[in-house]
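Colleague: Chains as they are written, first to last, in the numbering used here: chain H, 44 to 194; chain Z, 44 to 194. Handing you this structure, nothing more for now.
Number of protein chains: 2
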Amino acid sequence: MSPSTTRSPAKASGLDCRLAVLGADVRLTPHRREVFDVLAASTDHPTAYDILDRVKSRSPGMSLATVYNCLEHLTSHGLIKLVHLERGQSRYCANLHEHVHFHCETCGKVIDAHPNADFDPAKFWNLPAGTRVTRTDLAIHGTCQNCAAKS
Amino acid sequence: MSPSTTRSPAKASGLDCRLAVLGADVRLTPHRREVFDVLAASTDHPTAYDILDRVKSRSPGMSLATVYNCLEHLTSHGLIKLVHLERGQSRYCANLHEHVHFHCETCGKVIDAHPNADFDPAKFWNLPAGTRVTRTDLAIHGTCQNCAAKS
DNA sequence: TTTAGAATTAGAATGATTCTAACTGCATTG
DNA sequence: CAATGCAGTTAGAATCATTCTAATTCTAAA
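Put into structure tokens, the structure is as follows:
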């Protein structure tokens with residue numbers, strides 16, 4: 044956990060790789076890389092279990108604990124986002140563009156929705172003077188296109 | 044759970060009371076009433092455990108299971124709202140006015156923030172045609188006034 | 001008063017996540 | 001090159017919030 048290690052973090056070996064995201068140079072081990080790749084290739088906001096499933100073809104030995112470790116590392120370094128839509132399993136996404144999550148209460152699907160205008164939610168709400176905002180999470184719940192058509 | 048009971052719901056006894064909220068006439072047992080009252084008197088978004096604590100002075104025998112049952116009943120009847128801000132315990136609030144939640148990442152406090160203009164968040168986001176929105180949840184994370192002043 | 005259904009209870013069960021302790025392997029130091 | 005140390009990884013235990021189950025109590029209708 045401590046970033047103040049004497050070990051040089053700059054030297055990359057064959058088992059080590061890096062990823063430059065948003066200007067940050069993040070060191071990725073093979074497992075972290077695979078977890079990230081799975082997430083980057085997914086648009087359905089997989090859970091930790093989903094990710095373990097998808098990673099298993101390439102890394103059959105990976106454990107759930109490692110998936111959680113990797114997700115924690117990637118989240119804390121800003122490469123992915125953690126989404127809480129309801130009680131139960133957390134979901135993850137690699138979409139770093141500003142967006143919100145639409146959650147279909149019928150089929151459980153989660154889709155990203157992007158803003159159609161430059162929009163800062165924090166401006167619309169009366170927060171006490173001196174409040175510092177680091178991030179906002181907007182979740183929209185309802186019925187998706189498909190489920191709405193069926194009913 | 045079924046609302047289609049033959050039992051007349053209109054007859055109230057000394058141990059039964061009702062509450063008219065938003066036009067709905069909701070039947071409240073003493074325990075449900077106490078849970079609701081505790082929540083209505085709280086502005087700090089208590090968890091189920093917090094509520095059990097606060098209810099205990101009036102109902103020493105109440106169990107956590109009953110608190111959860113009451114919260115479920117009140118939530119499904121629209122008398123209170125369930126808030127998920129992060130992994131861990133859910134929080135509840137009895138503020139039914141349109142508002143969002145500000146969560147201080149330093150002290151953990153949650154405060155309600157009200158809109159300063161008539162505002163529908165769903166309008167700002169590109170949702171597929173045919174999507175039906177039932178509710179939106181906006182959580183703002185950051186540092187509150189007090190914690191910001193200390194740092 | 002009998003009976004049925006709803007509410008309540010304690011404790012067990014579940015499910016997601018985190019923790020612990022042991023192990024592996026690379027990389028720096030001697 | 002060998003020794004040492006630390007990050008990464010692992011399986012499984014532990015924890016925590018919540019839900020379920022079965023038994024009990026209460027209320028109201030027949």
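Backbone N, C-alpha and C fix where the C-beta goes; we use that ideal spot for every residue, glycine too. As the structure is a computational prediction, the values presented were derived from the model and not from experiment.
Closer than 8 Å is the cut-off here; do at least three beta carbon pairs connect the region 133-146 of chain Z with the region 111-124 of chain Z?
Modeller: yes
Colleague: Report, in whole angstroms, the separation of the C-beta atoms of H/Arg74 and H/Thr109, which I expect to be a contact under 8 Å.
Modeller: Before going further, note that residue 74 of chain H is His rather than Arg in the sequence given. Sure, about 6 Å apart at Cβ, within 8 Å.
Colleague: In chain order, which continuous runs of the beta strand (DSSP E) of length 3 or greater are located wholly inside the region 99-135 of chain Z?
Modeller: 124-126
Colleague: Using a Cβ-Cβ cut-off of less than 8 Å, give me the residues of the region 144-176 of chain H that come near chain Z, in sequence order.
Modeller: Along the region 144-176 of chain H, the positions whose C-beta sits under 8 Å from a C-beta of chain Z are Phe145, Glu148, Ile154, Ala156, His157, Pro158, Asn159, Ala160, Phe162, Pro164, Ala165, Phe167, Trp168, Asn169, Leu170, Pro171, Ala172, Gly173, Thr174, Arg175, Val176, read in chain order.
Colleague: List, in chain order, every chain Z residue whose beta-carbon is nearer than 7 Å to that of H/Ser133.
Modeller: Arg130
Colleague: Is it buried or exposed, H/Tyr135, if we count other Cβ atoms within 10 angstroms and call 16 or more buried?
Modeller: By the 10 Å Cβ count, H/Tyr135 comes out buried.
Colleague: What is the rounded straight-line gap between the Cα of H/Arg178 and the Cα of H/Glu115?
Modeller: 18 Å
Colleague: Between Z/Leu114 and chain H, is there a C-beta pair that is closer than 8 Å?
Modeller: no
Colleague: Who pairs with Z/Ala156 in a beta bridge, going by DSSP?
Modeller: Looking at the DSSP assignment, Z/Ala156 forms a beta bridge with Z/Val143.
Colleague: Go ahead and pull the three-state DSSP assignment for H/His184.
Modeller: strand
Colleague: Name the DSSP bridge partner or partners of H/Thr179?
Modeller: Z/Ile183
Colleague: For Z/Lys166 and Z/Ser133, I'd like the C-alpha separation in whole angstroms.
Modeller: 28 Å
Colleague: If distances are taken between C-alpha atoms only, which option among Z/Thr72, Z/Ala191, Z/Gly173, Z/His184 comes closest to H/Gly173?
Modeller: Z/Ala191
Colleague: Spatial neighbours of Z/Met105 within its chain, please: CB distance less than 8 Å, with the 5 preceding and 5 following residues excluded, ordered by chain position.
Modeller: His74, Glu77, Leu95, Val98, Lys99
Colleague: Go ahead and label H/Asp180 buried or exposed: buried means 16 or more other beta carbons lie within 10 angstroms of its beta carbon, across all protein chains shown.
Modeller: buried
Colleague: Can you list, in chain order, the residues of its chain with a C-beta nearer than 7 Å to that of Z/His184? Leave out the 5 residues immediately preceding and following it.
Modeller: For Z/His184, same chain residues with a beta-carbon under 7 Å away, outside a window of 5 residues either side, are His146, Glu148 in chain order.
Colleague: Closer than 6 Å by C-beta to H/Leu65: which residues in its own chain qualify, once you throw out the five before and the five after it? Chain order, please.
Modeller: Reliability fails at H/Leu65, whose pLDDT of 43 lies under 50, so the model's placement of it is uncertain and the value that follows must be treated cautiously. Answer for H/Leu65: no residue qualifies.
Colleague: Would Z/Ile4 pass as an interface residue toward chain H - the criterion being a Cβ-Cβ separation below 8 Å?
Modeller: This structure leaves residue 4 of chain Z out entirely; chain Z is present only between 44 and 194.
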